[in-house]
Amino acid sequence: MKRLLVLGLLSLVACDPFFAEVDAPSVCVAVGNQSFPGSPIGGTITQDVTTNLQDGGLFLSDKDTTRSLRVTSARIASTDGTDLHGINQFKIEVLAPVGSGLRDITIADETETLPSPSYEIPLATDPSVELEKYLFASSPGGSATQITARVTASGTPPATPWTGTVEACFHVTVSRNFP
Amino acid sequence: MRFLLLCLGLIATAAQAQVPIEPGAGPGGAAPPIAAPAAPASMPVAARPALARYGVLFDAAVPDGFALSFAYRPHWAVRLSLGGTHNLLAPGIRVGASVVPFQWAVAPSLSVDAGHVFAADVGKVISGSTSIPKAVDPLLKSVSYNYADLLLGLEFGSQRKFNFYLKLGLSRVWASTSGTGQGSSGNFTTTVKDPAVNLGIPSVKLGFIVWVG
Chain X
42 MKRLLVLGLL
52 SLVACDPFFA
62 EVDAPSVCVA
72 VGNQSFPGSP
82 IGGTITQDVT
92 TNLQDGGLFL
102 SDKDTTRSLR
112 VTSARIASTD
122 GTDLHGINQF
132 KIEVLAPVGS
142 GLRDITIADE
152 TETLPSPSYE
162 IPLATDPSVE
172 LEKYLFASSP
182 GGSATQITAR
192 VTASGTPPAT
202 PWTGTVEACF
212 HVTVSRNFP
Chain C
1480 MRFLLLCLGL
1490 IATAAQAQVP
1500 IEPGAGPGGA
1510 APPIAAPAAP
1520 ASMPVAARPA
1530 LARYGVLFDA
1540 AVPDGFALSF
1550 AYRPHWAVRL
1560 SLGGTHNLLA
1570 PGIRVGASVV
1580 PFQWAVAPSL
1590 SVDAGHVFAA
1600 DVGKVISGST
1610 SIPKAVDPLL
1620 KSVSYNYADL
1630 LLGLEFGSQR
1640 KFNFYLKLGL
1650 SRVWASTSGT
1660 GQGSSGNFTT
1670 TVKDPAVNLG
1680 IPSVKLGFIV
1690 WVG
């Protein structure tokens, strides 16, 4: 009986008792109406996309929270009917903010040959890549929630400019302990 | 916090007193146990009424809600309970176990409860709140949660017929939602699907037990 009591009391004080944690396994951010340049002679095209995750009401900017942000899936789709099958390599990199000491990191890519026609390219992702540092590195105070991604397509991209949507889904965890 | 410290002090002091927690040998000695295996020779067994094994308890608690439970005392110091709850939004079920190691008029207790609250539309309650983004509304349509409570408390009154209690402690809450929230801003669309919320919160419980047989 005494052991039970002691164990109970110990468990009361052994851990941080008061906390809140939100675990969102699927937070998808789609950036629509993105204009991509055409490439009449083939080669490589790049386009930078900046997104602010605070726009989604994720309450990520609180400095007292602990966060995790891992990409789980990504895709790009043309929204104007442009056939993307000529693209044989597609890559999304998260760009490290200047002066942050971080390196640019690839979060999604695709090197498969696409059937014709293809209006959407699903990308392979690595869920072990932690992006939390990149999210806040653009602000010394740690309050910004901005990420800039560079989209690179090579092979035989569409010859004329086209419009598309880039979507990335994340596993987001936000937690905070209270005194 | 003072209440918790008081309970901790009471239990710790009693535990250090090295008094055996045996039927009929509790430090209070106010009420004899059920099924006492051996009574002191100086006290006739017939003069020691047994404690009731079965009872009904009602309490109001956070995060449990209101609970009406069947209580069973397999040992004079141990109470088990099983019952239904309602938090004004949804019903639930709860099981619990308490240790009340002393038969005093005011006795400390240590309790563990665990329960499940079925899905409810939480949005009905907080729909007027301006701090909740509209995009979150769909996520509140079906919220259920599991919880576990660890509580220290004080029980007042007779443990033969009726006693009431106040307990304070900690709760872990594992809430889940099934729904999709979506918000747009300019070219950005953010979609959140089936998030879960885990909480460590203070817990409080106030209630009474009627022992019936």
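Protein chains in written order, with this note's numbering: chain X, 42 to 220; chain C, 1480 to 1692. Virtual Cβ for every residue (Gly too), placed ideally from N, Cα, C.
The continuous stretches of alpha helix (DSSP H) do not include L1630 of chain C, which lies in the beta strand (DSSP E) extending over residues V1622 to G1636.
Taken atom to atom, the span from the alpha-carbon of T152 of chain X to that of P1612 of chain C is near 39 Å. Using a Cβ-Cβ cut-off of 9 Å, G1679 of chain C is close to C56, D57, P58, F59, F60, A61, E62, N218 and F219 of chain X, given in chain order. Between V1596 of chain C and S1623 of chain C, the beta carbon gap of about 6 Å places them in contact (Cβ cut-off 8 Å).
Looking at the backbone, the Cα of T123 of chain X and that of Y160 of chain X are separated by about 7 Å. Sequence-distant Cβ neighbours of D1538 of chain C in its own chain, meaning closer than 7 Å and more than five residues away, are A1546, K1684, L1685 and G1686. Contact of D1592 of chain C with chain X by beta-carbon distance below 9 Å is absent, the smallest such distance being about 13 Å. For I1605 of chain C, the uninterrupted alpha helix (DSSP H) run begins and ends at G1602 to I1605, by DSSP. Here V1541 of chain C has S1682 and V1683 as same chain residues with Cβ atoms under 7 Å from its own Cβ, once five neighbours each way along the sequence are excluded.
Within the same chain, and ignoring the five residues on either side of A1614 of chain C in sequence, the residues whose Cβ sits closer than 7 Å to its Cβ are G1660, Q1661 and G1662.
In the displayed model, F177 of chain X falls within a helix according to three-state DSSP. Not flagged as an interface residue toward chain X: L1647 of chain C, since no C-beta distance is shorter than 8 Å. Separation of E208 of chain X and D1600 of chain C (C-alpha to C-alpha, rounded to the nearest whole angstrom) is 30 Å. Close partners of F1545 of chain C in chain X (Cβ separation under 9 Å) are lacking, with about 24 Å as the shortest Cβ gap. Only residues of its own chain outside the window of five on either side were considered, and among them T189 have a CB closer than 6 Å to the CB of T91 of chain X, listed in chain order. Residues of the same chain with a CB within less than 6 Å of the CB of T120 of chain X, apart from the 5 flanking positions on each side, are T204, G205 and T206 in chain order. Taken through DSSP and simplified to helix, strand or coil, A194 of chain X comes out as strand.
For G1544 of chain C, the uninterrupted beta strand (DSSP E) segment begins and ends at G1544 to H1554. A contact is defined here as three or more CB-CB pairs under 8 Å, and the stretch 1663-1674 of chain C fails this definition with respect to the stretch 1622-1637 of chain C. Only residues of its own chain outside the window of five on either side were considered, and among them L1559 and V1591 have a CB closer than 6 Å to the CB of A1576 of chain C, listed in chain order. Looking at the DSSP output, T85 of chain X shares a beta bridge with X:S195.
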